[in-house]
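Asks: Sharing a structure with you now.
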Amino acid sequence: SQTIHQWPATLVQPVGSPLSLECTVEGTSNPNLYWYRQAAGRGLQLLFYSIGIDQISSEVPQNLSASRPQDRQFILSSKKLLLSDSGFYLCAWSVGPRGNTIYFGEGSWLTVV
Amino acid sequence: GQQLNQSPQSMFIQEGEDVSMNCTSSSIFNTWLWYKQDPGEGPVLLIALYKAGELTSNGRLTAQFGITRKDSFLNISASIPSDVGIYFCAGAQDYKLSFGAGTTVTVRA
Chain F
348 SQTIHQWPAT
358 LVQPVGSPLS
368 LECTVEGTSN
378 PNLYWYRQAA
388 GRGLQLLFYS
398 IGIDQISSEV
408 PQNLSASRPQ
418 DRQFILSSKK
428 LLLSDSGFYL
438 CAWSVGPRGN
448 TIYFGEGSWL
458 TVV
Chain D
1456 GQQLNQSPQS
1466 MFIQEGEDVS
1476 MNCTSSSIFN
1486 TWLWYKQDPG
1496 EGPVLLIALY
1506 KAGELTSNGR
1516 LTAQFGITRK
1526 DSFLNISASI
1536 PSDVGIYFCA
1546 GAQDYKLSFG
1556 AGTTVTVRA
């Protein structure tokens, strides 16, 4: 069965410092991969999605970037964090004919101080 | 993605009661999904709907994909304390999801 892991689970970073959140999916190949952010309170905002290596689309202009160095690995980065980057970041995946069915990881809490 | 209109925003229910929430959109979706999120965790998929008019159950949960493809509802029957949490609807199109703002369910013992 497929599993998704993301880390670190919790991160406290000073303003201006870099960020790297990592996500890997096991048990499948060529998944669609996603990064979402959830601000305190609720809604999920799509940040990036990737349908293959070197195919990454950005949904919202911002201080973040994403990379997919391997088929099942997705990385969210920033060179210089802003206070407004604080939030709950979720990696997700989908695959196959039911590519619209998206499964989420455990999430990473980022607090920028 | 666009925001879906999910209602109610919150509800307090008595244990054993049935719960109903729904989502509407101005756009058509190919897939409707319902998730539950507990504090500090990622959303967990409850039910996925792939066809207009489809009615699907998962234990005490039942969800329907509206015939217009612009709406969906979720019912929880005979609620129990572990049903507390935030429920999100999501419409999927071209491998991307648009989310509702969530319905917070609190169960009174």
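Chains as they are written, first to last, in this note's numbering: chain F, 348 to 460; chain D, 1456 to 1564.
All residues carry an ideal CB built from backbone N, CA and C; glycine is no exception.
So for residue 399 (chain F), helix, strand or coil by DSSP?
Replies: Note: residue 399 (chain F) maps to strand in three-state DSSP.
Asks: Express the C-alpha separation of residue 439 (chain F) and residue 1530 (chain D) in angstroms, rounding to a whole number.
Replies: The alpha-carbon atoms of residue 1530 (chain D) and residue 439 (chain F) are separated by roughly 25 Å.
Asks: Contact between the segment 368-379 of chain F and the segment 416-424 of chain F: three or more CB pairs below 8 Å?
Replies: Touching, per the Cβ criterion.
Asks: So is residue 373 (chain F) in contact with chain D if we call contact Cβ pairs under 9 Å?
Replies: So no, residue 373 (chain F) is outside the interface.
Asks: Rounding to the nearest angstrom, what Cα-Cα distance links residue 359 (chain F) and residue 415 (chain F) in this structure?
Replies: Those two C-alpha atoms are separated by around 24 Å.
Asks: Nearest to residue 1523 (chain D) by alpha carbon, out of D:1478, D:1563, D:1470 and D:1550?
Replies: When only C-alpha atoms are compared, the closest one is D:1478.
Asks: From the DSSP output, in three-state form, read off residue 1501 (chain D) for me.
Replies: In this structure, residue 1501 (chain D) counts as strand in the three-state DSSP scheme.
Asks: Measure the C-alpha to C-alpha separation of residue 1487 (chain D) and residue 447 (chain F) and round it to an integer number of angstroms.
Replies: Using only the alpha carbons, I get a separation of about 9 Å.
Asks: Measure the C-alpha to C-alpha separation of residue 1500 (chain D) and residue 429 (chain F) and round it to an integer number of angstroms.
Replies: Approximately 31 Å, taken between the alpha carbons.
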